[in-house]
Amino acid sequence: MKMGKVPILDTINKIPGGLMVVPLVLGVLTNTFFPEVLNIGSFTTAFFKNGALTLIALLFLCSGAQINLKTAGVAVYKGVVLNTSKVLFGVFLGVIFAKVAGPQAAFLGVTPLAMISAMSNSNGGLYTALASKYGDESDVGAIAIISSNDGPFFEMMFMGIAGVANIPIVALIAVIVPIIVGMILGNLDEKFREFLKPGMFIAIFTFSFPLGAGLSLQTLGQAGLPGILLGLLTLLITGVPSYFVYRLLIPKRMRVTSAVGAGVGTTAGNALATPAAIALVDPAWAPYVDKATIQVAASIVVTAILVPFLVDFFYKYELKRGLVTRPIAEVGGKIEDLGGQL
C-alpha cells in the first residue's frame, strides 16, 4: 500500500463514535502496558497524558462558535430536554437507593455513591461527536446546556437530603465560559465560525487519547463486574429513556433523528472526581470514595465504547422506518465529510 493511501480515517469512521473511541482505547492500552512512555515529560506528557481538560475546553470553544443565536432557541430547548432527562433518571435511582438503604449499601456490588456519580454526568465530548455525525447544528449546540451536568453540581443539589448544601456555582460557570466565548466569536464573525468548525473534530480526536491514558485495563479488573454493571445501568437507565424523551418532546421538524438523545447515556471522564468532591463537603461518604471511584472509571470506559453503538442502533432503526428527516450523508456536521479538512 502506497504512502498517503492508508485509509486510517475512513476505517476509524466505520466504527460508531470511532473518532473518540479509537484513540480512547489506544490511550487505555498504552497506559496499561507502556505507562512509562507517557511520563517522559515535556510536550509528550503534557499532550498525551495530561492534555484532556485543555483539549475538551478547545472542543467547547469550537462547539460554542457553531451556536447561531438566530437558532439558539432550538439548541437551548434540546439541551434542557436532554439534560433534564439525564440528570433526573441518573440521580433519582442513586439518591433513592442511598436514602432507603444508606451509603454503605450495594446493589450487586454497585454502591449508591458510584450510581450518583456515574449516571448523572454525561460525556460531553462523545455526545458532541455523535451529535455532529447524526444530528444537526442545534444538537451540537445543545452541549452548552448539557455540559452543566459535568461535575458534582446536580449531585450535590439532589443530595441535600444527605446534608450536602454547598452548591459550586463558580465551578458551573467555569464549565460554560469557553462555550460562551466561542458563541460570541462565532456570532460576531461568520468566518470565525467556519474557521473553528474543523477544530471540533480535531479536539474530539486529540482529547480522547489522554482521557484514555488516565485509565487502564487494571481499572476494569479492580472494578470487576460491579463496575461493568454500573456502565450498563448508566446506558440503560439514562441513554435508552433519553432517546424516547427526545423523540417525544422534540418536534419532527426540529430534529434529524431521535437517536441523538441516547448520546447522553454515558459517564463523563471528570465524573472520576465526583465521589471525592462529595466526600469533601459531607465526610460521611468518605469511606466509600475509593470503591465508587473505581466503579465510575469502569463505567466511563464501558459507556464510551457501547453508547456509540446504541446511538447507531437507534439511527438505523429510525432510518428503516422513515423517521429520519435527513440521512447522515446529507447532514452538514457529518464527521466523514469533514475528515478531508483535518
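Residues 1294 to 1635 in this note's numbering are what the sequence shown spells out, letter by letter.
Think of the CB as a built atom: it goes at the ideal place given N, C-alpha and C, for glycine as much as any other residue.
Here the structure is a predicted model, which is why all the values come from computation and not from measurement.
Could you say if the stretch 1404-1424 and the stretch 1324-1344 meet the contact criterion of at least three C-beta pairs nearer than 8 Å?
No, they do not touch.
Taking Asn1416 as the reference, give the member of Phe1385, Val1388 and Ser1592 with the closest Cα.
Position 123 of the sequence shown holds residue 1416. Taking only the C-alpha atoms, the option nearest Asn1416 is Ser1592.
What residue does the alpha helix (DSSP H) around Thr1347 start on, and which one ends it?
The sequence position of residue 1347 within the sequence shown is 54, counting from 1. From DSSP, the alpha helix (DSSP H) with Thr1347 extends over Ala1345 to Ala1358.
The alpha helix (DSSP H) that contains Asp1432, what's its start and end?
Within the sequence shown, the letter at position 139 stands for residue 1432. Note, Asp1432: alpha helix (DSSP H), Glu1430 to Gly1434.
Does the separation of the CB atoms of Gly1556 and Val1604 fall below 8 Å?
Numbered from 1 along the sequence shown, position 263 holds the residue referred to as residue 1556. Numbered from 1 along the sequence shown, position 311 holds the residue referred to as residue 1604. Taking 8 Å as the Cβ cut-off, Gly1556 and Val1604 qualify as a contacting pair.
Take Leu1481 and list the residues in its own chain whose beta-carbon comes closer than 6 Å to its own, dropping the five residues that flank it on each side.
For the purposes of this step, residue 1481 is taken as residue 188 along the sequence shown, with counting starting at 1. Contacts found: none.
Which residue from Leu1522, Leu1525, Gly1524 and Val1553 puts its Cα closest to that of Phe1537?
Against the sequence shown, residue 1537 aligns to sequence position 244. It is Val1553.
Could you tell me which of Val1367, Leu1375, Val1388 and Tyr1427 sits nearest to Phe1549, measuring between CA atoms?
Residue mapping note: residue 1549 aligns to position 256 of the sequence shown, counting from 1. Position check: residue 1549 holds Val in this sequence, whereas Phe was assumed. Of the candidates Val1367, Leu1375, Val1388 and Tyr1427, the one whose C-alpha sits nearest the C-alpha of Val1549 is Tyr1427.
Return the chain-ordered list of same chain residues with a C-beta closer than 6 Å to the C-beta of Val1315, the five sequence neighbours on each side being excluded.
Counting from 1 along the sequence shown, the entry for residue 1315 is found at position 22. Hits under 6 Å: Ile1305.
In the structure shown, what three-state DSSP assignment does Met1617 receive?
As a first step, residue 1617 must be located in the sequence shown, where it is residue number 324. According to the sequence provided, residue 1617 is Val. The question's Met does not apply to it. Coil.
Rounded C-beta distance between Gly1520 and Cys1355? I'm assuming under 8 Å.
The count along the sequence shown starts at 1 and reaches residue 1520 at position 227. The count along the sequence shown starts at 1 and reaches residue 1355 at position 62. Not a contact, Cβ separation roughly 32 Å.
How far does the alpha helix (DSSP H) with Arg1540 in it extend, from its first residue to its last?
As a position in the sequence shown, residue 1540 is number 247, starting the count at 1. Unbroken alpha helix (DSSP H) run through Arg1540: Val1533 to Leu1542.
Is the distance from the Cβ of Ser1259 to the Cβ of Gly1372 below 8 Å?
The requested residue 1259 does not occur in the structure, where the chain is confined to residues 1294 to 1635.
State buried or exposed for Thr1580, treating a residue as buried only when at least 16 other CB atoms are found within 10 Å of its CB.
For this step, residue 1580 is matched to residue 287 along the sequence shown. Per the sequence shown, residue 1580 should be read as Pro rather than Thr. Answer is exposed; the Cβ neighbour count stays below 16.
Skipping 5 residues on each side, what residues in its chain have a beta carbon closer than 6 Å to that of Thr1527?
The count along the sequence shown starts at 1 and reaches residue 1527 at position 234. Result list for Thr1527: Ala1411, Met1412, Thr1560, Ser1592 and Thr1596, in chain order.
So, helix, strand or coil for Val1314, using DSSP?
Walking along the sequence shown from the start, residue 1314 turns up at place 21. Note: Val1314 maps to helix in three-state DSSP.
Could you please give the first and the last residue of the uninterrupted alpha helix (DSSP H) stretch that includes Ala1496?
Indexing the sequence shown from 1 puts residue 1496 at position 203. Unbroken alpha helix (DSSP H) run through Ala1496: Glu1483 to Gly1505.
Which residue marks the beginning of the alpha helix (DSSP H) containing Asp1575, and which one marks its end?
If you number the sequence shown from 1, residue 1575 lands on position 282. Taken as a continuous stretch (DSSP letters only), Asp1575 belongs to no alpha helix (DSSP H), as it is neither H nor E.
Mind checking Ala1394: buried by the 16 CB within 10 Å criterion, or exposed?
In the sequence shown, the residue the question calls residue 1394 occupies position 101. That one is exposed.
Give the straight-line distance between the Cα atoms of Phe1500 and Arg1619, rounded to the nearest whole angstrom.
Stepping through the sequence shown from its first residue, residue 1500 is reached at position 207. Stepping through the sequence shown from its first residue, residue 1619 is reached at position 326. Going from the Cα of Phe1500 to the Cα of Arg1619 covers about 29 Å.
Please tell me whether Gly1532 and Gly1558 are closer than 8 Å, where the distance is taken between their beta carbons.
For the purposes of this step, residue 1532 is identified with residue 239 of the sequence shown, where counting begins at 1. For the purposes of this step, residue 1558 is identified with residue 265 of the sequence shown, where counting begins at 1. In this structure, Gly1558 lies closer than 8 Å to Gly1532 by Cβ.
With a Cβ-Cβ cutoff of 8 Å, do Val1403 and Leu1523 count as a contact?
Here the question's residue 1403 lines up with position 110 in the sequence shown. Here the question's residue 1523 lines up with position 230 in the sequence shown. Yes, they are a contact pair.
Phe1341 by DSSP, collapsed to three states: which one?
Reading the sequence shown from its first residue, position 48 is the one you call residue 1341. DSSP places Phe1341 in helix when its eight states are reduced to three.
What number of angstroms, rounded off, separates the C-alpha of Arg1614 from the C-alpha of Ile1439?
Mapped onto the sequence shown, residue 1614 falls at position 321. Mapped onto the sequence shown, residue 1439 falls at position 146. Cα to Cα, the separation comes out at about 28 Å.
Expressed to the nearest angstrom, what Euclidean distance is found between the alpha-carbon atoms of Asp1583 and Ala1399?
Within the sequence shown, the letter at position 290 stands for residue 1583. Within the sequence shown, the letter at position 106 stands for residue 1399. For Asp1583 and Ala1399, the distance between alpha carbons rounds to 14 Å.
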